[in-house]
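Student:
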Amino acid sequence: MARGLFYYLITPLLALAALIQSTAGNQLVLGGVKPDLALVLVVVATLLYGGRAGLVWAFVGGLFLDIFSGGPLGSSSLALMAGALVASVGHNILSRFNLLVPLGLMALATIAYGVTYVSVLRVLSAVIEATNLTTIQHNLPFWPTFQEVILPSVAYNTIIMLVLIPVLNRVPETPEVVTTLP
Numbered sequence: 442m443a444r445g446l447f448y449y450l451i452t453p454l455l456a457l458a459a460l461i462q463s464t465a466g467n468q469l470v471l472g473g474v475k476p477d478l479a480l481v482l483v484v485v486a487t488l489l490y491g492g493r494a495g496l497v498w499a500f501v502g503g504l505f506l507d508i509f510s511g512g513p514l515g516s517s518s519l520a521l522m523a524g525a526l527v528a529s530v531g532h533n534i535l536s537r538f539n540l541l542v543p544l545g546l547m548a549l550a551t552i553a554y555g556v557t558y559v560s561v562l563r564v565l566s567a568v569i570e571a572t573n574l575t576t577i578q579h580n581l582p583f584w585p586t587f588q589e590v591i592l593p594s595v596a597y598n599t600i601i602m603l604v605l606i607p608v609l610n611r612v613p614e615t616p617e618v619v620t621t622l623p
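Per this note's numbering, the very first residue in the sequence shown carries number 442; after that it's consecutive.
So this is what it looks like as C-alpha cells:
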C-alpha cells in the first residue's frame, strides 16, 4: 500500500477499528481480553507519521470509540492521545526498525491508554457521586483493573504489534513536517 494512500485511509480505518472493537470485539477475545484495535492503529500511524499526526488520529479515533461504545464522550480520545504521546518517541528519537522499539512502545502506550482511561472514569465517578447522580456508575478499582484488564491488554496488543512489524517496516521513513508561523 502506498504511503500516501495509507495516510488518507487511517481515518476510515480508525472508524472501522472502533466499530469492530465496540461491536464484534467479543469475537476477538483471547484469555478474557479484547484487543484495542484503535490503539494499535494509532500507535502504528504515530510511528509512521509522527506525534502531531498521531495526536490528531488519536483524538478522532477516540471520538469514534466513544460514539460506538456509548462511553463518556472524550474519555477514549484523551486515553488514545496519551498512548500516541508515548508512541511518538519512536518516530524521531528511536528507530522503528529495531524490533524492540515498536513492541516496547506498544506496551507502554497500552499502559498509558489503560491508566488514563481508568483515571478518567474514576474522576467522572467522583463527580457523579458529588452531584448525586446515582444512575450512572463508572467506579473501577484501580489496582485490580490494572492487573486483570490492562496488563493482559498489554500482552495482547504487543502480540498484534509483533504481527504488524513486517508491514510497518516496509513503509519508508519520512521526517515529520514542521511548519513555522511567520
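All C-beta atoms, glycine included, are put in the ideal place defined by N, C-alpha and C.
1. What span of residues does the alpha helix (DSSP H) with P585 cover, start to end?
2. Among S510, F509, M547, whose alpha-carbon lies nearest the alpha-carbon of A523?
3. What residue range is occupied by the uninterrupted alpha helix (DSSP H) comprising T599?
4. Return the residue from the list V564, I600, A494, Q462 that minimises the CA-CA distance to F509.
5. Is DSSP giving V470 helix, strand or coil here?
6. Helix, strand or coil for L519 per DSSP?
7. Keeping to the same chain, check which residues put their C-beta closer than 7 Å to that of I606; ignore five residues upstream and five downstream.
8. Which residue comes first and which comes last in the alpha helix (DSSP H) that contains I502?
9. Please report the distance separating the alpha-carbon of G503 from that of S517.
Tutor: Concretely, from the data shown:
1. Per DSSP, the continuous alpha helix (DSSP H) segment holding P585 begins and ends at 583–586.
2. Closest option to A523, Cα to Cα, is M547.
3. Segment 592–611, the alpha helix (DSSP H) holding T599.
4. Of V564, I600, A494, Q462, the residue nearest in Cα terms is Q462.
5. Here DSSP, grouped into helix, strand and coil, assigns V470 to coil.
6. Here DSSP, grouped into helix, strand and coil, assigns L519 to helix.
7. Hits under 7 Å: L540, P543.
8. Residue identity check: residue 502 is Gly in the sequence provided, not Ile. That run of the alpha helix (DSSP H) goes 492–510.
9. When only Cα atoms are considered, G503 and S517 end up about 4 Å apart.
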